[in-house]
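Report on the following structure.
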Amino acid sequence: MQIGSSNDSEAVKAQYATSKGLDTRLSFHDKYSTNKLGYGNWIVSNYEIAEGMKVLELGCGTGSLWMGRDELVDKFGKFVLTDFSEGMLATAKGNLGERKNLEYKQADIQDLPFEDDSFDVVIANSMLYHVPDIMKGISEVRRVLKDDGVFYTATLGENNFTDILAKWFELGGESFNPNHNFTMQNGGDMLKKAFADVEGRIYGDSLHVTDIEDLVDYLCSLASFKTIMDIPVDRIAWILKEHAVDGAIDLPKEYGMFIAKGVRNFGGRV
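Numbering (the numbering used here), first residue to last: 837 to 1106.
Structure (structure tokens):
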């Protein structure tokens, strides 16, 4: 999962080619988020997965969401973790290991290699906004999901700290094209084309950053801030410090989750 994103597909591929940048972002949020429940813990708290269910995760990343949750994972009848990136998938496999109910598979949400009605639960966190054809991806989710199944998809809001930071860096020549392709503001309408019942839930949080250098590292790991590399690091730090109060920077975070279920006629399926 990550917070800043880009519409540039090549930049996105580079951002997720290995787990290094993602690890930087996850550590940053763990350290500076004011809601100490943790986004991952909150996400999992929303899941209702009964024993023996078949679960598919799309865009599993490093698999960090499931680390330390052996009891939950063990009750899945089958758990298929997929990612578009081979590097991410390899890291997830290294983190979670081999289990009799686990399967790792490279897959594109726009063309899923699974039969119709295969899964009780499909999960896609912080990834739909990267998909070139989002409605095709949602159609594929609906196809592989059982009629009484549930789709959980976490995403960003449109009032996030990356947009604020981008305005600050216009002073440094930064160009920024925020990815609002699938947000808490517009994602519900897309999902309602495929699902009869769509609920949105917001996770309340913010950032209180006390080490500016950590924020510099975070920005340099984002595809959406790729042109920041043209700015000297000391200049990046200087711009950030201009907005600090008592040595700290406070920034808003807005993201949450959609829970979609219920049959709706979509893409030829009833």
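Don't be surprised by glycine CBs; every beta carbon is placed ideally from N, CA and C.
Discussion item. What would DSSP say about A1073, mapped onto helix, strand or coil?
Written reply: Helix at A1073.
Discussion item. Output needed for L948: all residues of its chain with C-beta closer than 7 angstroms, excluding positions within five of it in sequence on either side, in chain order.
Written reply: E976, V980
Fill in: Beta carbon of A1096 nearer than 7 angstroms to that of F1031
yes
Worksheet item: Does the count of Cβ pairs from the region 1020 to 1027 and the region 1067 to 1083 closer than 8 angstroms reach three?
Response: no
Practice prompt. Select from S962, K1029, F1005 the residue whose C-alpha is nearest the C-alpha of M1093.
Written response: S962
Discussion item. Which of the three DSSP states is assigned to E922 in this structure?
Written reply: Of the three classes helix, strand and coil, the one that applies to E922 here is helix, per DSSP.
Discussion item. Let me confirm a value: I1038 is counted as buried when at least 16 other C-beta atoms fall within 10 Å, else exposed. Which label applies?
Written reply: exposed
Worksheet item: Is it buried or exposed for M1020, if we count other Cβ within 10 angstroms and need 16 for buried?
Response: Buried: at least 16 other Cβ atoms inside 10 Å.
Worksheet item: What beta strand (DSSP E) runs, 3 residues minimum, are completely inside the region 957 to 1038?
Response: 981 to 992, all fully within the region 957 to 1038.
Fill in: Limits of the unbroken beta strand (DSSP E) element including Y883
Y883 -> no beta strand (DSSP E), and no H or E assigned at all.
Worksheet entry | Whole-angstrom distance between R1071 and F915, CA atom to CA atom | Taking the straight line from one Cα to the other gives about 46 angstroms.
Item to complete: Answer with buried or exposed for L873, where buried requires no fewer than 16 other C-beta atoms within 10 angstroms of its C-beta.
Response: exposed
Discussion item. I need the straight-line Cα distance from I885 to D1053, nearest angstrom please.
Written reply: 37 angstroms
Discussion item. Quick check: what's the CA-CA separation for Q838 versus R1100?
Written reply: Confidence in Q838 is poor, its pLDDT being 33 and thus under 50, which makes the residue's placement unreliable; the coordinate value appears in the next sentence. Going by the C-alpha atoms only, they are around 30 angstroms apart.
Worksheet entry | C-beta contact flag for Q946 and G985 at 7 angstroms | no
Worksheet entry | Boundaries (first-last residue) of the beta strand (DSSP E) holding E1090 | 1085 to 1099
Item to complete: Would you grab the beta carbon distance between V1045 and A1073 for me? Rounded to a whole angstrom, and I think it's under 8 angstroms.
Response: With 8 angstroms as the limit, V1045 and A1073 do not qualify as a contact, their Cβ atoms being about 12 angstroms apart.
Worksheet item: Which one or two residues does DSSP pair with H865 in a beta bridge?
Response: Per DSSP, none; premise fails for H865.
Fill in: Of the listed residues L892, E1049, L938, L932, nearest to E951 (C-alpha basis)
L892
Worksheet item: Looking at the structure shown, is K936 part of a helix, part of a strand, or coil, going by DSSP?
Response: coil
Worksheet entry | Top-ranked residue by Cα proximity to L908, from K890, S869, E1049 | K890
Item to complete: Select from C896, G923, V967, A960 the residue whose C-alpha is nearest the C-alpha of L938.
Response: C896
Worksheet item: K936 to T898, Cα distance in whole Å?
Response: 19 angstroms
Discussion item. Please list the terminal residues of the continuous beta strand (DSSP E) segment that includes K893.
Written reply: Correcting the residue type first, residue 893 is Glu in the shown sequence and not Lys. Per DSSP, E893 belongs to the beta strand (DSSP E) from 890 to 894.
Worksheet item: Taking the continuous alpha helix (DSSP H) assigned at V1052, which residues delimit it?
Response: Where V1052 is concerned, the enclosing alpha helix (DSSP H) stretches over 1048 to 1056.
Practice prompt. Could you name the residues of the same chain whose beta carbon sits closer than 6 angstroms to that of F1018, not counting the 5 residues immediately before and after it, in chain order?
Written response: L964, Y965, I970, T991
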